[in-house]
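Engineer: I am attaching a structure below and will ask some questions about it afterwards.
Number of protein chains: 2
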Amino acid sequence: MCARRRDAEGTAATRASRRAELLSAIAGVFADRGYAATTVREAAEAAGILGGSLYYHFDSKESMVDEILSTFLGEMWADYEEVLSSGLDAPQTLRALVHSSFRSIEKHRAAVVIYQNESRYLAQAERFQYLTASQERFERTWKGVLEQGVAEGAFRADLNTGLIYRFIRDTVWVAATWYRPDGKFDAEEIARQYLAMVLEGLQAD
Amino acid sequence: MCARRRDAEGTAATRASRRAELLSAIAGVFADRGYAATTVREAAEAAGILGGSLYYHFDSKESMVDEILSTFLGEMWADYEEVLSSGLDAPQTLRALVHSSFRSIEKHRAAVVIYQNESRYLAQAERFQYLTASQERFERTWKGVLEQGVAEGAFRADLNTGLIYRFIRDTVWVAATWYRPDGKFDAEEIARQYLAMVLEGLQAD
DNA sequence: CACTTATTCTAACAACTGTTTGGTAGAGTC
DNA sequence: GACTCTACCAAACAGTTGTTAGAATAAGTG
Numbered sequence: 001m002c003a004r005r006r007d008a009e010g011t012a013a014t015r016a017s018r019r020a021e022l023l024s025a026i027a028g029v030f031a032d033r034g035y036a037a038t039t040v041r042e043a044a045e046a047a048g049i050l051g052g053s054l055y056y057h058f059d060s061k062e063s064m065v066d067e068i069l070s071t072f073l074g075e076m077w078a079d080y081e082e083v084l085s086s087g088l089d090a091p092q093t094l095r096a097l098v099h100s101s102f103r104s105i106e107k108h109r110a111a112v113v114i115y116q117n118e119s120r121y122l123a124q125a126e127r128f129q130y131l132t133a134s135q136e137r138f139e140r141t142w143k144g145v146l147e148q149g150v151a152e153g154a155f156r157a158d159l160n161t162g163l164i165y166r167f168i169r170d171t172v173w174v175a176a177t178w179y180r181p182d183g184k185f186d187a188e189e190i191a192r193q194y195l196a197m198v199l200e201g202l203q204a205d
Numbered sequence: 001m002c003a004r005r006r007d008a009e010g011t012a013a014t015r016a017s018r019r020a021e022l023l024s025a026i027a028g029v030f031a032d033r034g035y036a037a038t039t040v041r042e043a044a045e046a047a048g049i050l051g052g053s054l055y056y057h058f059d060s061k062e063s064m065v066d067e068i069l070s071t072f073l074g075e076m077w078a079d080y081e082e083v084l085s086s087g088l089d090a091p092q093t094l095r096a097l098v099h100s101s102f103r104s105i106e107k108h109r110a111a112v113v114i115y116q117n118e119s120r121y122l123a124q125a126e127r128f129q130y131l132t133a134s135q136e137r138f139e140r141t142w143k144g145v146l147e148q149g150v151a152e153g154a155f156r157a158d159l160n161t162g163l164i165y166r167f168i169r170d171t172v173w174v175a176a177t178w179y180r181p182d183g184k185f186d187a188e189e190i191a192r193q194y195l196a197m198v199l200e201g202l203q204a205d
């Protein structure tokens, strides 16, 4: 039984790693051509197998995006939680969240692009309600930090936190569409420059 | 012949206005559900007619997006040109461009959303090369303003203009996805708050 | 070796896609 | 009233879509 369990765990592990391998290829195509515009056959070809073979690993095309997005969001929120629970003040929290976001983009570029482009369309389905939930949680989190910063006197009070939240959210996530891991800047440098602009402003003193 | 020409102009005019009417409805659906995910039948239904009837007005589904996007880009660049040719200094030009952009969003919301979501996918086709061209022109324009501002000593010199350009471009256009004409803020107010953040920074003095 | 299991392929399916064709109601013209 | 033109509908087209079922392959396992 001990041997059998080890086997079961072994196959479960290789199976999971194969899924991850496939999903990585699939996510790339979904990100590049769009989820709806990509056929199952194209997605499979990017993974080196034929269309029908994907259905040995996944129930449906929908469950492929589902797994891509929920995996990404799970990891992202884990990182966010770590920042939020470490008792920083508002400006430090904002800095840490921005850095964490750009690091997420570096790690899950394709997933972020898909999230960015397709979530409004996908969220119509009940299955993807967690996308809406994540969106709301995102808004609460960021607006909370901004409002706390205003209350602390660290952020200016004459700007609407709802608008600023949207500006920040958009710029950060949309960066996934142009970020290239082999580009001139890494995630940390992009985060630094972005924070310099948003916090200190573009204007020369 | 004079009467015949007046007739021809009359029907051409009503025909053009009907096209515009249809395109407005179609653009709304394309923006909401995505171009690839929207069927011709759905697009037609939003316009109150049947799928096949759209082909009396348009050659193909592709030519519908084509007309939506090229009309929008044409108007947008006309507005941009007006700003760029009026001899303002860099900060004033940046302010004017941002205002002009948010006004574009107010007027062509659906088109901007489509441009934002689908242009990378569409640009693969030769027919949509002008999307890539517009993108490049956009980059030249904005980077030019930023570099001029640095040269004038109006903008800080320690930030990379390529990155800042991307941040600004993204935030401005992505706003189309959440902007609602009946919302709390109009385009001018959104532009003001955005400029305050980007130019002066979030930090309290 | 025979046997099992995991993974892929082959080939088909029904539904749906963009598009075309021929017809038709109605408004305007002679 | 016959004719024409515009704008639409109804019905079909060929190709593509996501998905499935069964056969084939390969890699262990005893």
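So the sequence lines, in the order shown, correspond to chains A and B. Following full-length UniProt numbering, the numbering of the first sequence begins with 1 at its first residue and continues without gaps. Following full-length UniProt numbering, the numbering of the second sequence begins with 1 at its first residue and continues without gaps. All residues carry an ideal CB built from backbone N, CA and C; glycine is no exception.
Would ILE105 (chain A) and VAL112 (chain A) qualify as a contact pair, given that the criterion is a beta-carbon distance under 8 Å?
Structural biologist: Result yes, Cβ atoms of ILE105 (chain A) and VAL112 (chain A) sit closer than 8 Å.
Engineer: Just by C-beta distance, which residues in the UniProt domain "HTH tetR-type" (16-76) of chain B are closer than 7 Å to chain A?
Structural biologist: The residues in question are ARG33, GLY34, ALA36, ALA37.
Engineer: Measuring straight from C-alpha to C-alpha, what distance separates LYS184 (chain B) and TYR56 (chain A)?
Structural biologist: LYS184 (chain B) and TYR56 (chain A): Cα-Cα distance of roughly 50 Å.
Engineer: Along the chain, where does the alpha helix (DSSP H) that runs through SER100 (chain B) open and close?
Structural biologist: Unbroken alpha helix (DSSP H) run through SER100 (chain B): 90-107.
Engineer: Closer than 8 Å, CB to CB, is TRP178 (chain B) near chain A or not?
Structural biologist: It does: the Cβ of TRP178 (chain B) has a partner Cβ on chain A nearer than 8 Å.
Engineer: Note down, in chain order, each residue of its chain lying with its Cβ closer than 6 Å to the Cβ of ILE190 (chain B), except the 5 sequence neighbours on either side.
Structural biologist: Contacts found: PHE102.
Engineer: In chain order, what residues of the same chain have a beta carbon less than 6 Å from the beta carbon of GLU118 (chain B), not counting five sequence neighbours either side?
Structural biologist: Here the set comprises TYR35.
Engineer: Which partner residues of PHE155 (chain A) appear in the DSSP bridge assignment?
Structural biologist: Beta-bridge pairing links PHE155 (chain A) to B:GLN203.
Engineer: Along the segment 187-204 of chain B, where does the CB come closer than 8 Å to a CB of chain A? Name the residues.
Structural biologist: Against chain A - using a Cβ distance shorter than 8 Å - the residues of the segment 187-204 of chain B are ILE190, GLN193, TYR194, ALA196, MET197, VAL198, LEU199, GLU200, GLY201, LEU202, GLN203, ALA204.
Engineer: Could you check which residue in B:TRP142, B:VAL174, B:ALA110, B:VAL150 has the C-alpha nearest to that of LEU84 (chain B)?
Structural biologist: Here the closest residue by C-alpha is B:TRP142.
Engineer: Would you mind sorting ASP170 (chain B) into buried or exposed? The rule is 16 or more other CB atoms within 10 Å of its CB.
Structural biologist: With 16 or more other Cβ atoms within 10 Å, it is buried.
Engineer: On the premise that GLY28 (chain A) lies in contact with ALA110 (chain A), defined as a C-beta separation below 8 Å, what is that separation, rounded to the nearest angstrom?
Structural biologist: Right, the Cβ-Cβ distance comes to about 5 Å (below 8 Å), so this counts as a contact.
Engineer: Taking the alpha-carbon positions, what's the TYR179 (chain B) to ILE114 (chain A) distance?
Structural biologist: Each residue's alpha carbon lies about 21 Å from the other.
Engineer: Using only the alpha-carbon positions, how far apart do VAL65 (chain B) and ARG19 (chain B) sit?
Structural biologist: Each residue's Cα considered, the two are about 12 Å apart.
Engineer: Applying a beta-carbon distance threshold of less than 7 Å, which residues of chain B neighbour GLY144 (chain A)?
Structural biologist: Under the 7 Å cutoff, chain B gives no residues; its nearest Cβ is about 15 Å from GLY144 (chain A).
Engineer: List, in order along the chain, the chain B residues whose C-beta lies closer than 8 Å to that of PHE155 (chain A)?
Structural biologist: Simply LEU202, GLN203, ALA204.
Engineer: Compute the beta-carbon to beta-carbon distance between residue 281 (chain A) and MET197 (chain B), rounded to the nearest angstrom, for a pair I have assumed lies under 8 Å.
Structural biologist: Nothing in the structure corresponds to residue 281 (chain A), since chain A is present only between 1 and 205.
Engineer: With a threshold of 7 Å on Cβ separation, who are the neighbours of LEU195 (chain A) within its own chain once the five nearest residues in sequence on each side are excluded?
Structural biologist: ARG95, VAL98.
Engineer: How big is the Cα-Cα spacing for SER53 (chain B) and SER134 (chain A)?
Structural biologist: Answer to the nearest angstrom: the Cα atoms are 41 Å apart.
Engineer: Where does GLY34 (chain A) fall in DSSP's three states?
Structural biologist: GLY34 (chain A): coil per DSSP, three-state reduction.
Engineer: Looking at the C-beta of ILE114 (chain A), does it have a partner C-beta in chain B at a distance below 8 Å?
Structural biologist: Judged by the 8 Å Cβ criterion, ILE114 (chain A) is not in contact with chain B.
Engineer: Please tell me whether, using a cut-off of 7 Å, the distance from the CB of SER70 (chain B) to the nearest non-hydrogen atom of the ligand MN is below it.
Structural biologist: Annotation note on the ligand MN: not contained in the displayed structure, which lists no ligands.
Engineer: Put TYR179 (chain A) into one of helix, strand or coil per three-state DSSP.
Structural biologist: Residue state, collapsed to three classes: coil.
Engineer: Go through its chain and collect everything with a Cβ distance to LEU73 (chain B)'s Cβ below 6 Å, but skip five positions before and after it.
Structural biologist: Correct list, in chain order: SER134.
Engineer: Against LEU163 (chain A), what residues of chain B qualify as contacts under a CB-to-CB distance less than 8 Å, listed in chain order?
Structural biologist: The answer, in chain order, is PHE185, ILE190, GLN193, TYR194.
Engineer: Taking PHE30 (chain B) as the reference, which of B:ILE68, B:ARG137, B:LEU50, B:ARG15 has the closest Cα?
Structural biologist: Checking every option, the nearest Cα to that of PHE30 (chain B) belongs to B:ILE68.
Engineer: Using the C-alpha atoms, what's the distance from ASN160 (chain B) back to LEU122 (chain A)?
Structural biologist: Roughly 36 Å separates the two Cα atoms.
Engineer: Which residues in the same chain have their Cβ closer than 6 Å to the Cβ of ASP79 (chain A), if we skip the five residues on either side of it in sequence?
Structural biologist: Result list for ASP79 (chain A): SER100, in chain order.
Engineer: I'd like to know whether the C-beta atoms of ASP59 (chain A) and ALA154 (chain A) end up nearer to each other than 8 Å.
Structural biologist: Contact: no.
Engineer: Is the shortest distance between the beta-carbon of THR93 (chain A) and the beta-carbons of chain B less than 8 Å?
Structural biologist: No, its Cβ sits nowhere closer than 8 Å to a Cβ of chain B.
Engineer: I need the straight-line Cα distance from GLN92 (chain B) to ALA16 (chain B), nearest angstrom please.
Structural biologist: Roughly 37 Å between the two C-alpha positions.
Engineer: Just checking: is the beta-carbon of ALA167 (chain A) within a distance shorter than 8 Å of some beta-carbon in chain B?
Structural biologist: Sequence inspection shows Phe at residue 167 (chain A); the Ala mentioned does not correspond to that position. It does; some Cβ of chain B falls within 8 Å.
Engineer: I'd like to know if THR141 (chain A) contacts chain B, where contact means its C-beta is closer than 8 Å to some C-beta of that chain.
Structural biologist: It does not: the Cβ of THR141 (chain A) has no partner Cβ on chain B nearer than 8 Å.
Engineer: Counting only the same chain and skipping the five closest in sequence on each side, list residues whose C-beta sits under 8 Å from that of GLU62 (chain A).
Structural biologist: Excluding positions up to five away in sequence, the list reads ALA125, ARG127.
Engineer: Return the CA-CA distance between ARG37 (chain A) and ILE168 (chain A), expressed in angstroms with no decimal places.
Structural biologist: Per the sequence shown, the amino acid found at residue 37 (chain A) is Ala instead of Arg. Straight-line Cα distance between these residues: approximately 29 Å.
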